[in-house]
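Its first residue numbered 43, the sequence shown is counted upward by one per residue in my numbering. Remarks on the structure that follows.
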Amino acid sequence: MLRTAMVGLGSWGQTLVRSVQGKSDALLFTAACTRTPQKAEGFCRDNGIRLVGSFDDILEDRAVDAVVLATPNSQHAGQIAQAARRGKHVFVEKPFTLDSASARSAIDAAAAAGVVLAVGFNRRLHPSMRELRRRVKSGALGIIGSIIAELTATTALYRPSESWRVDPAEEPAGAMAGTGVHLVDSMIDIIGRIREVHCIAEQRAGPHGADTTSLLVRFESGVTGLAFCSIAAARNYRVAVYGSKGFAEVVGPAMDTFRFIPAAEGRASHLAKIPDAEEIATPGFQSIAEELTQFAACIRAGRAYLVPLDDVLHGVCVFEAAVESARAQRPVAVRA
Numbered sequence: 043m044l045r046t047a048m049v050g051l052g053s054w055g056q057t058l059v060r061s062v063q064g065k066s067d068a069l070l071f072t073a074a075c076t077r078t079p080q081k082a083e084g085f086c087r088d089n090g091i092r093l094v095g096s097f098d099d100i101l102e103d104r105a106v107d108a109v110v111l112a113t114p115n116s117q118h119a120g121q122i123a124q125a126a127r128r129g130k131h132v133f134v135e136k137p138f139t140l141d142s143a144s145a146r147s148a149i150d151a152a153a154a155a156g157v158v159l160a161v162g163f164n165r166r167l168h169p170s171m172r173e174l175r176r177r178v179k180s181g182a183l184g185i186i187g188s189i190i191a192e193l194t195a196t197t198a199l200y201r202p203s204e205s206w207r208v209d210p211a212e213e214p215a216g217a218m219a220g221t222g223v224h225l226v227d228s229m230i231d232i233i234g235r236i237r238e239v240h241c242i243a244e245q246r247a248g249p250h251g252a253d254t255t256s257l258l259v260r261f262e263s264g265v266t267g268l269a270f271c272s273i274a275a276a277r278n279y280r281v282a283v284y285g286s287k288g289f290a291e292v293v294g295p296a297m298d299t300f301r302f303i304p305a306a307e308g309r310a311s312h313l314a315k316i317p318d319a320e321e322i323a324t325p326g327f328q329s330i331a332e333e334l335t336q337f338a339a340c341i342r343a344g345r346a347y348l349v350p351l352d353d354v355l356h357g358v359c360v361f362e363a364a365v366e367s368a369r370a371q372r373p374v375a376v377r378a
């Protein structure tokens, strides 16, 4: 059983704990620290978690094997390095870091310490997303033309003004940090490395700044893509890939439906009857619990986490370029 400390017990930190506590034989949250401990006392008591005063207290605790970070984004890199130096394995919520220099530093710190470093891109682990990736990589869709990804939620409509998430320094480029990085990671996983981005971020319905973001991407392979993310629109999720032999998508907020439609054949294919769709449903899959379970499994087996750190670093480089693009209002090349 991996003895784990939760660092940050806001709404998302509590979601992570609830996903596995008392349900998993792989991982147990035994300790926690948070910025406002008085708000978390009842939660910790109900879940059998020891609430301590500081992150340093967590790091000094020899009964803690690993930490899970759900803290302000700007703190991730420093906390990863601190935990790694104390021999703690690290699971960090996305975004990994806010810039490529700190991302490299954090990855190097974990490598030097020999600890497992994992990033919370839970959507990669969902069976629907794995099936979409498999179809693309197998050539079932033919030559890929484009990928379109959408992720929306209404979280910005209800955030209190004192939340760190309303600070544009913590969450630049509108919805990119909160939701867009998931889409970028999916694009990297399914299609490959990204060469250039053009990002537009606007304030639409939320009270605290930009909340709606569109990201046009050009991949190194020549594939193009569009990521649309909002934290001020009705909840939805969709990733669709268009190829010369067919079209495949994952749809629904829970990602529980994969669909493939082969291309109609012949010169007049635009007039032909659309072939029947193949559909695979995987309802009820708990991707948040799965990512933490896999984190524990990788530590036990002494292997790297399932999301390659090269992909994580490239994703931060894409995020960095998107932030620059939104500010400059022009396309920006992704720096290696």
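All C-beta atoms in this analysis are idealised placements derived from N, C-alpha and C, irrespective of residue type, glycine included. In this text, all values refer to a predicted model and were calculated from it rather than measured experimentally.
On the DSSP bridge list, what partners appear for Gly64?
Partner(s): none; Gly64 has no beta bridge.
If you count every other CB in all the chains shown that lies within 10 Å of the CB of Asp88, and 16 or more means buried, which is it?
Under this definition Asp88 is an exposed residue.
Using the three-state DSSP reduction, which class does Gly222 fall into: helix, strand or coil?
For Gly222, the three-state secondary structure derived from DSSP is helix.
Check each candidate in Gly288, Ala252, Arg277 and Val94 and name the one with the smallest Cα separation from Pro76.
Residue 76 is actually Thr in this sequence, not Pro. Closest by alpha carbon: Val94.
For Met171, does the count of other Cβ atoms within 10 angstroms reach 16, so buried, or fall short, so exposed?
buried
So what's Asn89 in DSSP terms, helix, strand or just coil?
coil
Excluding the 5 residues flanking Glu262 on each side, which residues of the same chain have their C-beta closer than 8 Å to its C-beta?
Gly234, Arg235, Ile236 and Arg237
Could you check what DSSP says for Glu238 in three-state terms: helix, strand or coil?
strand
When the Cβ atoms of the stretch 295-302 are set against those of the stretch 265-273, are three or more pairs found closer than 8 Å?
At 8 Å Cβ cutoff, the stretches do not touch.
Would you call Gln371 buried or exposed, if buried means 16 or more other Cβ atoms sit within 10 Å of its Cβ?
exposed
For the alpha helix (DSSP H) containing Ile149, list its first residue and its last residue.
Ser142 to Ala155
Determine the DSSP secondary structure at Leu159, reduced to helix, strand or coil.
strand
Cβ shell of Met48 (< 6 Å), same chain only, five flanking positions each side left out
Gly55, Val59, Phe71, Ala74 and Val110
Inspect the beta-carbon positions of Ala123 and Ala368 and report whether they are closer than 8 Å.
no
Contact check, Leu183 vs Ala338, beta carbons under 8 Å:
no
Between the alpha carbons of Pro249 and Ala217, how many angstroms are there, rounded?
One Cα belongs to Pro249, the other to Ala217, and the distance between them is close to 13 Å.
Among Ser144, Arg146 and Arg104, which one has its Cα closest to the Cα of His131?
Arg104
Sufficient close CB pairs (3 or more, under 8 Å) joining the stretch 330-347 to the stretch 201-215:
No, the stretch 330-347 does not touch the stretch 201-215.
Along the chain, where does the beta strand (DSSP E) containing Ala191 start, and where does it finish?
For Ala191, the uninterrupted beta strand (DSSP E) segment begins and ends at Ile186 to Thr194.
Alpha helix (DSSP H) containing Leu257: first to last residue?
That residue, Leu257, is in no alpha helix (DSSP H); its beta strand (DSSP E) goes Thr254 to Phe261.
Contacts around Ile185, its chain only, beta-carbon distance under 7 Å, and the 5 residues preceding and following it disregarded
So the list reads Gly285 and Ser286, once near-sequence residues are dropped.
Segment limits, alpha helix (DSSP H) that includes Pro169
Pro169 to Ser180
Label Glu321 either buried or exposed according to how many other C-beta atoms from any shown protein chain fall within 10 Å of its C-beta, with 16 as the threshold for buried.
exposed
Work out the CA separation of Glu83 and Val161 for me, nearest whole Å.
27 Å
Tell whether a beta-carbon distance below 8 Å holds between Val239 and Pro373.
Yes, Cβ-Cβ distance for Val239 and Pro373 is below 8 Å.
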